[in-house]
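Residue numbers (UniProt numbering), protein chains in the order written: chain A, 1 to 457; chain B, 1 to 457. All C-beta atoms, glycine included, are put in the ideal place defined by N, C-alpha and C. Comments concern the structure below.
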């Protein structure tokens, strides 16, 4: 056996560099042969890397069944571009055979007119499955679930079940859990394939099933779905409607992508960038600018306030110009202390690690950390400022201001995310860029007032 | 059937609020009854929320088999605290029955002396399993894998395999994939439980197995292991040693935790906080301060440079004091533009979304975004600055500086993470706090020079 772990990585790189070359030479047979041993997700990646004009050509090299799998792995921007290039029949072949959850995701992105036409041409069963998913709100369990699962009756024996599975296995994405429902399709229990295999064949599902099932509702937020699967180490979680009827299943592989997407959104928010779940590197420059400029304007205006405060102190500054030199140090450090607090708190709220402690305890802890950090930095800054410019009173004003600003920053950085959450807003809005700028304004005010007192001006 | 999805959440909250109350009243029977219908992970959470003195008491209410499961879910700080409270025999009972990967994680945290004593007292099989895992470096596949999997020979038939599984299932964490190995324990193929169940019983494993197995090596970094499972939608990935012998398996539930931990590390880095994988909210204040103060010092010193530059311009500032008022606006906006670029690039590098494009293209794109954003903001800032203080030349200097600073910030924010990665350093070090501070220094220099030229000073 060769080292497949390495082989795969080499193959991926080889495919990406060779595919374009072969297509440029018009060597379609060569390209086809190149793709044979490659996994669908890797083919999708290679196609995404091609110039747009070549993507359709490469895609047509695939067999029908492979084409569907590869298509499901493509980025949504590429999916949309391809669908415009396809002939009518090609589109139908692919869309009809996609799994319903992937199809719903694609339909979300396509123009409503195109979706209506496509839905009309789907086979009846697929049309129903798609309509079901599209009927739920975005980012809920209903939208991301697959309606392809195996549900069985309690009275079935293990051996009957095994026979049934053999005939159903290919039609279902989820096979590791079997769901037991009653006459009105209500979920009554769950049997894992593991339970089934280790049980004696004459037992009934009712005898071996677990009755205490963890499940979610169709309107449960996707992040909560993900946290449920993560918390209980599940491979899939069943989704029920308001009447407790089983309607679908969310699988662990979708959950990984959801958690990653949520982490990206959090990270973007911390960096002051709006995110809408698209691949950033596939969006155009205007969209990029639009997603950033709003935040920048908010911060620009806040910064103007800082400027106004500084201008209002012109007469003080003219007397002791050296005071201006320490503004960046104070606001910069304050901003950084605040950013550290808000980062830790926002992440804690989002991963639910923080739930054990109340806001009071957490903010108090951050305040202590702020005083501690402010104290250490304040002493250093006082010495440093004295060494730099030799005026002891200015140095003292810098040091004392730094302690006050660090305390203020850590309290603001920890309290504002809680405040926002209690107002049902995303705590991540109170992230580093905002805290930094808010601390600037207050930091400058604190500094000038402390300086006035100490310098007796 | 009751609505379990809701019932679980209510139960969790009830357990957390009631457990301490019952223990305070000394009502141990009541506390025991309360915990009966609760899942181990939820019991663990409730115990973590108790005061330290009560944690042992609550823990002793559990049955032996449940105690082990609950213990595995506890945060490592609580695990360590508990182990010091336990009697010798209790410790052994738990540690011996933990799964090897969880045990290895615990041993990582305990003092070496305690670990040596515990290892000596383990049963021989468990001792070997633990020693195997502890022999690999931290954060590698070898360290996080479980050595409990089912490996079989090619010649076995499906029905023989099913019989075998029935006897092995309880001893193995992983059952959904069966691994096929040759005489020298080399991995030759993989059979999913699904394949097994749907195949006719007289076929051999050699006939139904998949030979093209995705696997990782013992020294593969845990993040790469996670990405492999995510990429190929696996439930588990086999781990082989240098001789391609199968030695363990990493499961998807561990991968979710790894990806979340890596996301937390990235987020902390973006906020200028060091992280070592512990639960932040369980660490003490000194550790908290230590993890933040290093960054703050680095930034303090960099900010001093900004201060020094401003002081060197004292004679310019004395002539046009109003220039000082726009320093926060310029450095603040520059910092925010840079933070946006670096956030997007660092996340892209970490999730491997960026791999299709080279650094050149990405940096060029960010530069264009910088000019675009700088242009918009520059025009607004010029008008705004004129309206605020009425000096056209100062306003013009502010506007032009803003364009230059935005360009600089977006180029620095996108180029530095790439540079760091090519030096084999973590790109996240070039995150918002650093970029913000670096842009401050250069921004002030640019501003003063542009102002000098425009004001003719």
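So what does DSSP say about residue 123 (chain B), is it helix, strand or coil? Indexing the second chain from 1 puts residue 123 (chain B) at position 123. Three-state result, residue 123 (chain B): coil.
Any Cβ of chain B within less than 8 Å of the Cβ of residue 164 (chain A)? Taking the first chain and counting its residues from 1, one reaches residue 164 (chain A) at position 164. Judged by the 8 Å Cβ criterion, residue 164 (chain A) is not in contact with chain B.
Just checking my contact of residue 219 (chain A) with residue 137 (chain A) at CB under 8 Å: how many whole Å lie between their CB atoms? Residue numbering aside, residue 219 (chain A) sits at position 219 when the first chain is read from its first letter. Residue numbering aside, residue 137 (chain A) sits at position 137 when the first chain is read from its first letter. 7 Å between Cβ atoms; contact.
Please return the same chain residues whose Cβ sits closer than 6 Å to the Cβ of residue 409 (chain B), not counting the five positions on each side in sequence. By 1-based counting over the second chain, the position of residue 409 (chain B) is 409. Contacts found: 334, 337, 338 and 439.
Would residue 45 (chain A) be called buried (16 or more neighbouring beta carbons within 10 Å of its own) or exposed? As a position in the first chain, residue 45 (chain A) is number 45, starting the count at 1. Buried, because 16 or more other Cβ atoms sit within 10 Å of the Cβ of residue 45 (chain A).
Residue 177 (chain A): which of A:249, A:216 and A:117 sits nearest, CA to CA? As a position in the first chain, residue 177 (chain A) is number 177, starting the count at 1. The residue with the shortest Cα to Cα distance from residue 177 (chain A) is A:249.
Which residue from B:162, B:116 and B:99 puts its Cα closest to that of residue 125 (chain B)? Taking the second chain and counting its residues from 1, one reaches residue 125 (chain B) at position 125. Residue B:99 is the option with its Cα nearest to residue 125 (chain B).
Buried or exposed for residue 13 (chain A), going by 16 or more other Cβ atoms inside 10 Å? Here residue 13 (chain A) refers to the residue found at position 13 of the first chain. Under this definition residue 13 (chain A) is an exposed residue.
Tell me whether residue 107 (chain B) is buried or exposed, calling it buried when 16 or more other Cβ atoms sit within 10 Å of its Cβ. Taking the second chain and counting its residues from 1, the one referred to as residue 107 (chain B) is at position 107. Residue 107 (chain B) should be labelled buried.
Taking CB distances under 8 Å as the criterion, tell me whether residue 433 (chain B) reaches chain A. Numbered from 1 along the second chain, position 433 holds the residue referred to as residue 433 (chain B). Yes, residue 433 (chain B) counts as interfacial toward chain A.
Looking only at C-alpha atoms, which of B:15, B:214, B:455 and B:217 sits nearest to residue 394 (chain B)? As a working note, residue 394 (chain B) is residue 394 in the second chain. Nearest option by C-alpha distance: B:455.
For residue 262 (chain B), tell me which candidate among B:326, B:346, B:201 and B:332 has the shortest Cα-Cα distance. Numbered from 1 along the second chain, position 262 holds the residue referred to as residue 262 (chain B). The candidate whose alpha carbon is nearest that of residue 262 (chain B) is B:346.
Nearest to residue 141 (chain B) (by Cα), restricted to the options B:371, B:61, B:252 and B:353: What you label residue 141 (chain B) is simply residue 141 of the second chain in a count that begins at 1. Looking at the Cα atoms, B:252 is the closest of the given residues.
Identity of the residue in A:239, A:423 and A:383 nearest residue 221 (chain A) by Cα: Your numbering for residue 221 (chain A) matches position 221 in the first chain. Closest by alpha carbon: A:239.
With the cut-off set at 8 Å, would you say residue 235 (chain A) and residue 196 (chain B) are in Cβ contact? The sequence position of residue 235 (chain A) within the first chain is 235, counting from 1. The sequence position of residue 196 (chain B) within the second chain is 196, counting from 1. No.
Within chain B, partners of residue 399 (chain A) - CB distance below 7 Å: As a working note, residue 399 (chain A) is residue 399 in the first chain. Under the 7 Å cutoff, chain B gives no residues; its nearest Cβ is about 12 Å from residue 399 (chain A).
Beta strand (DSSP E) segments (min. 3 residues) lying fully within the UniProt domain "CBS" (209-265) of chain B: 236-240 and 246-251
So with Cβ pairs under 8 Å, would you call residue 179 (chain A) a contact of chain B? Stepping through the first chain from its first residue, residue 179 (chain A) is reached at position 179. Not an interface residue.
Look at the alpha carbon of residue 448 (chain B) and the alpha carbon of residue 372 (chain A), and state the distance between them as a whole number of angstroms. Counting from one through the second chain, the residue named residue 448 (chain B) turns up at place 448. Counting from one through the first chain, the residue named residue 372 (chain A) turns up at place 372. Taking the straight line from one Cα to the other gives about 36 Å.
Using a Cβ distance threshold of 8 Å, determine whether the region 373-387 of chain A contacts the region 414-424 of chain A, with at least three qualifying pairs required. no
Beta-carbon neighbours of residue 253 (chain A), restricted to chain B and to distances below 7 Å: Within the first chain, the letter at position 253 stands for residue 253 (chain A). Simply 233.
Are residue 144 (chain B) and residue 101 (chain B) closer than 8 Å when you measure CB to CB? If you number the second chain from 1, residue 144 (chain B) lands on position 144. If you number the second chain from 1, residue 101 (chain B) lands on position 101. Yes, they are a contact pair.
Pick out the complete alpha helix (DSSP H) segments inside the region 338-402 of chain A, 4 residues or longer, and give them in chain order. 359-389
Helix, strand or coil at residue 175 (chain A) [DSSP, three-state]: What you label residue 175 (chain A) is simply residue 175 of the first chain in a count that begins at 1. Coil at residue 175 (chain A), not helix or strand.
Is the distance from the Cβ of residue 185 (chain A) to the Cβ of residue 127 (chain A) below 8 Å? Working through the first chain from its first residue, we reach residue 185 (chain A) at position 185. Working through the first chain from its first residue, we reach residue 127 (chain A) at position 127. Against a cut-off of 8 Å, the Cβ pair of residue 127 (chain A) and residue 185 (chain A) comes out as no contact.
Measuring straight from C-alpha to C-alpha, what distance separates residue 1 (chain B) and residue 190 (chain A)? Reading the second chain from its first residue, position 1 is the one you call residue 1 (chain B). Reading the first chain from its first residue, position 190 is the one you call residue 190 (chain A). Only weak support is given to the placement of residue 1 (chain B): the predicted model assigns it a pLDDT of 36, under 50, and the value that follows is read from those uncertain coordinates. For residue 1 (chain B) and residue 190 (chain A), the distance between alpha carbons rounds to 13 Å.
Here's the rule I'm using: 16 or more other beta-carbon atoms within 10 Å means buried, otherwise exposed. How should residue 212 (chain A) be labelled? As a working note, residue 212 (chain A) is residue 212 in the first chain. The residue in question, residue 212 (chain A), is exposed, as its Cβ has fewer than 16 Cβ neighbours within 10 Å.
Measure the alpha-carbon distance for residue 93 (chain B) versus residue 27 (chain B) and round it to whole angstroms. Position 93 of the second chain, counting from 1, holds the residue named residue 93 (chain B). Position 27 of the second chain, counting from 1, holds the residue named residue 27 (chain B). Taking the straight line from one Cα to the other gives about 26 Å.
Using 8 Å as the limit for Cβ to Cβ distance, is residue 176 (chain B) near chain A? Counting from 1 along the second chain, the entry for residue 176 (chain B) is found at position 176. Yes, contact with chain A.
Residue 4 (chain B) - DSSP class collapsed to helix/strand/coil: Translated into the one-based positions of the second chain, residue 4 (chain B) becomes position 4. Annotation note: pLDDT 48 at residue 4 (chain B) (below 50); position unreliable, coordinate value reported separately. Helix, per DSSP.
Just the Cα atoms here: how many angstroms apart are residue 216 (chain B) and residue 400 (chain A)? If you number the second chain from 1, residue 216 (chain B) lands on position 216. If you number the first chain from 1, residue 400 (chain A) lands on position 400. Rounded to whole angstroms, residue 216 (chain B) to residue 400 (chain A) spans 55 Å at the Cα level.
Just list the beta strand (DSSP E) runs in the UniProt domain "CBS" (145-208) of chain B, keeping only unbroken ones of 3 residues or longer that don't cross its boundaries, in chain order. 177-181 and 187-192
Taking a contact to mean a Cβ-Cβ separation below 8 Å, would you say residue 370 (chain B) touches residue 398 (chain B) in this structure? In the second chain, residue 370 (chain B) corresponds to position 370, counting from 1. In the second chain, residue 398 (chain B) corresponds to position 398, counting from 1. Against a cut-off of 8 Å, the Cβ pair of residue 398 (chain B) and residue 370 (chain B) comes out as no contact.
Strictly below 9 Å CB to CB, what residues from chain B border residue 416 (chain A)? Numbered from its first residue, the first chain carries residue 416 (chain A) at position 416. By Cβ distance, chain B contributes nothing, its closest Cβ being about 14 Å from residue 416 (chain A), past 9 Å.
Just list the residues that DSSP pairs residue 140 (chain B) with in beta bridges. By one-based count along the second chain, residue 140 (chain B) stands at place 140. According to DSSP, residue 140 (chain B) bridges with B:221.
Inter-residue Cα distance where the pair is residue 331 (chain A) and residue 436 (chain A): Stepping through the first chain from its first residue, residue 331 (chain A) is reached at position 331. Stepping through the first chain from its first residue, residue 436 (chain A) is reached at position 436. Rounded to the nearest angstrom, the two C-alpha atoms are 8 Å apart.
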